[in-house]
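Let me begin by presenting the structure, written as structure tokens, before commenting on it.
Protein chains in written order, with my numbering: chain A, 1 to 115; chain B, 116 to 227.
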């Protein structure tokens, strides 16, 4: 299996621009997570989906952030408009049937820099 | 509020020694706890999972303990090698919580 695939791997954008991060989870996994990692705040869960339905978005920092999962093999995290404080590594992860101690598989991350 | 603390941001040890990393938590009753390894520029990679009714788990040179009374997990790497140098994260989950909460990680450096 190719694992969780994220794109782009690196993005540098100007403040105010829209940023779209993409994720393809591992085939067959029914949970998908978006995390953000910074030196100051560590690894934070932003939102997670189960069977393409958003379950908990309490970690989404503000209305500028939105996430969608139109089908089982694709999800996006969008920031509009972007701000310098959004600079971080954004990880997508997937797993099968949470609640039973299943392993979370992370992608390699999307490194976002907003200038 | 729920809190997870991992011992010191950095841990330096000599090759061949045992590294011991600590994960303490408060205001939490996790059903299980996981340890992940993260290398620079990469995503976290799962290492071990231990459930609340298990005291100890082993995998090759790795050993994890889980004390729900002390609210603490210890992660041991025996006969450490420079290749073990990485950041190690603990993650807690409640039963059917559907989401994991991660500690900030401890960066281990094993010197030859």
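Think of the CB as a built atom: it goes at the ideal place given N, C-alpha and C, for glycine as much as any other residue. Given the structure is predicted, the values throughout are model-derived calculations rather than measurements.
Burial state of residue i, where buried means 16 or more other Cβ atoms lie within 10 Å
i: residue 36 of chain A; result: buried
i: residue 121 of chain B; result: buried
i: residue 25 of chain A; result: buried
i: residue 208 of chain B; result: buried
i: residue 27 of chain A; result: exposed
i: residue 182 of chain B; result: exposed
i: residue 127 of chain B; result: exposed
i: residue 196 of chain B; result: exposed
i: residue 93 of chain A; result: buried
i: residue 102 of chain A; result: buried
i: residue 129 of chain B; result: exposed
DSSP beta-bridge partners of residue i
i: residue 75 of chain A; result: A:23
i: residue 223 of chain B; result: B:126 and B:201
i: residue 42 of chain A; result: A:38
i: residue 5 of chain A; result: A:24
i: residue 31 of chain A; result: A:50 and A:95
Same chain only: Cβ atoms within 7 angstroms of residue i, ignoring 5 sequence neighbours per side
i: residue 109 of chain A; result: 6, 89, 90 and 91
i: residue 30 of chain A; result: 50, 51, 96 and 97
i: residue 147 of chain B; result: 164, 165, 166, 167 and 208
i: residue 43 of chain A; result: 35 and 37
i: residue 131 of chain B; result: 194 and 195
Contacts around residue i, its chain only, beta-carbon distance under 8 angstroms, and the 5 residues preceding and following it disregarded
i: residue 54 of chain A; result: 47, 48, 67 and 69
i: residue 15 of chain A; result: 81, 82, 83, 84, 114 and 115
Neighbourhood of residue i by C-beta, 6 angstroms cutoff - its chain only, sequence neighbours within 5 removed
i: residue 206 of chain B; result: 149, 215 and 217
i: residue 172 of chain B; result: 163, 165 and 179
Selection of the stretch 71 to 92 of chain A by Cβ proximity to chain B, strictly under 7 angstroms: 91
The stretch 58 to 74 of chain A / the stretch 7 to 20 of chain A touching (three or more Cβ pairs under 8 angstroms): no
Given 8 angstroms, three or more beta-carbon pairs between the stretch 74 to 85 of chain A and the stretch 14 to 24 of chain A: yes
The stretch 134 to 143 of chain B contacting the stretch 155 to 169 of chain B, beta-carbon criterion three pairs below 8 angstroms: no
Members of the stretch 160 to 178 of chain B that neighbour chain A once the beta carbon cut-off is set at 8 angstroms: 160, 161, 164 and 166
Residues in the stretch 51 to 63 of chain A having any Cβ partner in chain B nearer than 7 angstroms: 55 and 56
Interface residues of the stretch 100 to 114 of chain A facing chain B [CB-CB below 9 angstroms]: 100, 101, 102, 103, 104, 105, 106, 107, 108, 109 and 111
Cβ-based contacts, 9 angstroms cut-off: residues of the stretch 4 to 35 of chain A near chain B: 4, 6, 31, 33 and 35
Residues, ordered as in the chain, of the stretch 36 to 47 of chain A that lie near chain B by beta-carbon distance below 7 angstroms: 42, 43 and 45
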